[in-house]
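Asker: Okay, here's the structure, questions in a sec.
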Amino acid sequence: MANLALGDQEFTASNGLNFTYSVRGEPYSIHPVILVQCPGWGIGAQYLKAGLEPLEVKFTLVYFHPRGTCGSSRPENRTHMNVFHMAEDLEHFRQHLQLDKYPVMLGHSNGGTIVLAYAEMYPHRVEKLVLIDHRLLGFDDSDGFQRFLLQRKVDVRYEAAYGTAANFRPENDEELRRFVEMTSPIYFFDPEKNVPLYLHSLGTGPMEFWCFESLQLCNKDPETGGRLIEGLPKVMAKTLMIFGRDDAQCTVDNLHQTAKEIPHAQIVILDQCGHFPWLEKPTETFDALERFLTA
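Structural data, given as structure tokens:
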């Protein structure tokens with residue numbers, strides 16, 4: 001494996017795109033390196049760096065910034081922003097790192113969708129896979145979304161957030177940040193306690209509306225979602241899935257549908273927990289991660 005110096009790094013892939021990544025944590029760890037895939041829709045990496053910081057005591061974490069995010073190049077064609085394009089970028093990165101296979105790949109939300117796509121495309125190139133509240137693209141969990149909407153429509157903690165989600169469409173970077181901030185209560189079981197923590201973890205870096213809009217465009221292609229679902233049986237990696245039972249955006253139905261095709265996966269479902277389990281259930285989340293990562 002290539003030397004992993006702590007700090008911010010970059011490399012140019014053979015596809016001509018330049019990618020940035022950050023190496024954090026324990027540089028002399030006896031444990032496997034963890035590749036952390038950031039979501040591809042423009043939120044950036046800071047919320048993960050803040051949230052997963054407890055892992056840095058024992059592990060080396062490599063945060064890979066997808067195309068268009070945190071200084072990584074945009075493709076010329078915005079239709080080249082689907083999860084399989086981003087998974088292909090991870091293969092270029094593996095080669096750059098001179099790894100025979102990724103010891104651990106971890107992804108949250110859309111980041112989980114990307115590493116899942118990689119594990120399907122390159123089943124022999126990943127040893128362990130961690131999916132945290134991932135979106136199973138191509139699976140319709142609208143029933144679960146509506147169930148939460150009906151439960152919460154008379155709850156003042158969520159009223160304004162759902163109103164924003166229904167009526168506000170961002171059109172630039174600044175509006176995207178405002179949209180993320182205003183809809184954040186939807187992502188939590190206890191928004192009053194956890195929204196301030198989440199907003200602080202986002203940092204002040206830019207959010208990329210171009211990525212947000214491009215990924216939405218790509219996600220509308222039914223072939224992409226169909227390919228992801230059809231590829232699930234190809235996953236050979238030891239797999240851990242962690243979900244909040246009260247995740248109203250990526251509902252736990254995504255976990256159950258994924259588990260049908262990856263029956264060897266370990267499953268952790270956390271009660272009274274939404275989309276960010278390290279905030280709402282930190283002890284349970286990091287205990288499950290450490291058991292899996294050190295086994």
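Counting from 1, position 250 in the sequence shown corresponds to residue 250 in UniProt numbering; the numbering is continuous, with no gaps. The beta carbon of each residue, even a glycine, is placed where N, CA and C say it ideally should be.
#1: Between which two residues does the alpha helix (DSSP H) carrying residue 114 extend?
#2: Just to confirm before moving on: does the CB-CB distance between residue 237 and residue 119 stay below 7 Å?
#3: Starting from the C-beta of residue 208, find all residues in its chain whose C-beta is less than 7 Å away, skip the five residues before and the five after it, and write them out in chain order.
#4: Quick check on residue 242: buried or exposed, where buried means 16 or more other Cβ atoms within 10 Å of its Cβ?
#5: In whole angstroms, what separates the C-alpha of residue 138 from that of residue 86?
#6: Pull up the CB-CB distance for residue 250 and residue 169, whole angstroms please, since I reckon it's below 8 Å.
#7: Secondary structure at residue 43, three-state DSSP: helix, strand or coil?
#8: Within the continuous beta strand (DSSP E) that includes residue 8, where are the two ends?
#9: Start and end of the beta strand (DSSP E) containing residue 22?
#10: To test your reading of the DSSP string, which unbroken alpha helix (DSSP H) runs of 4 or more residues are found completely within the region 116–183?
#11: Starting from the N-terminal side, write out each stretch of the beta strand (DSSP E) that is 3 residues or longer and does not extend beyond the region 171–258.
#12: Taking the straight line between their C-alpha atoms, what separation do you get for residue 245 and residue 284?
#13: Could you check whether residue 29 and residue 59 sit closer than 7 Å to each other, using their CB atoms as the reference points?
#14: Going by beta carbon distance, what residues of the same chain come within less than 7 Å of residue 78, once the five residues before and after it are set aside?
#15: Buried or exposed for residue 166, please, with buried defined as at least 16 other CB atoms from any protein chain shown within 10 angstroms of its CB.
#16: Using 8 Å as the Cβ pair cut-off and three pairs as the minimum, do the region 124–133 and the region 151–158 touch?
#17: Which same chain residues end up closer than 7 Å to residue 61 when comparing Cβ atoms and leaving out the 5 residues on each side of it in sequence?
#18: Identify the continuous beta strand (DSSP E) that holds residue 61 and give its terminal residues.
#19: So residue 81 and residue 211 are supposed to be a Cβ contact under 8 Å. How far apart are they, rounded?
#20: If you follow the beta strand (DSSP E) that residue 272 is part of, which residue opens it and which one closes it?
Answerer: Short version:
#1: Locating residue 114 in the sequence shown gives position 114, counting from the first residue. For residue 114, the enclosing alpha helix (DSSP H) covers residues 110–121.
#2: Residue 237 sits at position 237 when you count from the first residue of the sequence shown. Residue 119 sits at position 119 when you count from the first residue of the sequence shown. Their beta carbons are under 7 Å apart, which means residue 237 touches residue 119 by this criterion.
#3: Stepping through the sequence shown from its first residue, residue 208 is reached at position 208. Result list for residue 208: 42, 68, 69 and 173, in chain order.
#4: Position 242 of the sequence shown holds residue 242. Result: buried.
#5: By 1-based counting over the sequence shown, the position of residue 138 is 138. By 1-based counting over the sequence shown, the position of residue 86 is 86. Those two C-alpha atoms are separated by around 17 Å.
#6: The residue labelled residue 250 in the question sits at position 250 within the sequence shown. The residue labelled residue 169 in the question sits at position 169 within the sequence shown. Between residue 169 and residue 250 the Cβ distance is about 21 Å, and since that is not below 8 Å, they are no contact.
#7: Translated into positions along the sequence shown, residue 43 becomes position 43. Collapsing the DSSP output to three states places residue 43 in coil.
#8: Sequence index remark: in the sequence shown, residue 8 carries index 8 (1-based). Counting along the chain, the beta strand (DSSP E) containing residue 8 begins and ends at 7–12.
#9: What you label residue 22 is simply residue 22 of the sequence shown in a count that begins at 1. Unbroken beta strand (DSSP E) run through residue 22: 18–25.
#10: Inside the region 116–183, DSSP marks whole alpha helix (DSSP H) runs of 4 or more residues at positions 142–152, 156–167 and 173–183, from first to last along the chain.
#11: With a minimum length of 3 residues, the continuous beta strand (DSSP E) runs that stay inside the region 171–258 are 238–244.
#12: As a working note, residue 245 is residue 245 in the sequence shown. As a working note, residue 284 is residue 284 in the sequence shown. Cα to Cα, residue 245 sits roughly 13 Å from residue 284.
#13: In the sequence shown, counting from the first residue as 1, residue 59 sits at position 59. In the sequence shown, counting from the first residue as 1, residue 29 sits at position 29. Against a cut-off of 7 Å, the Cβ pair of residue 29 and residue 59 comes out as a contact.
#14: Residue numbering aside, residue 78 sits at position 78 when the sequence shown is read from its first letter. Within its own chain, the residues whose Cβ lies closer than 7 Å to the Cβ of residue 78, once the five positions on either side in sequence are excluded, are 214 and 217, listed in chain order.
#15: Position 166 of the sequence shown, counted from the first residue, corresponds to residue 166. When all chains shown are included, residue 166 counts as exposed.
#16: Contact between the region 124–133 and the region 151–158 is absent, because fewer than three Cβ pairs lie under 8 Å.
#17: On the sequence shown, position 61 is the one that residue 61 refers to. These residues qualify, in order along the chain: 24, 25, 34, 36, 52 and 55.
#18: Counting from 1 along the sequence shown, the entry for residue 61 is found at position 61. Under the DSSP assignment, residue 61 falls in the beta strand (DSSP E) whose first and last residues are 60–64.
#19: Within the sequence shown, the letter at position 81 stands for residue 81. Within the sequence shown, the letter at position 211 stands for residue 211. For a cut-off of 8 Å, the C-beta gap from residue 81 to residue 211 is around 7 Å, short enough to register as a contact.
#20: For the purposes of this step, residue 272 is taken as the residue at position 272 of the sequence shown. DSSP places residue 272 in no beta strand (DSSP E); its state is neither H nor E.
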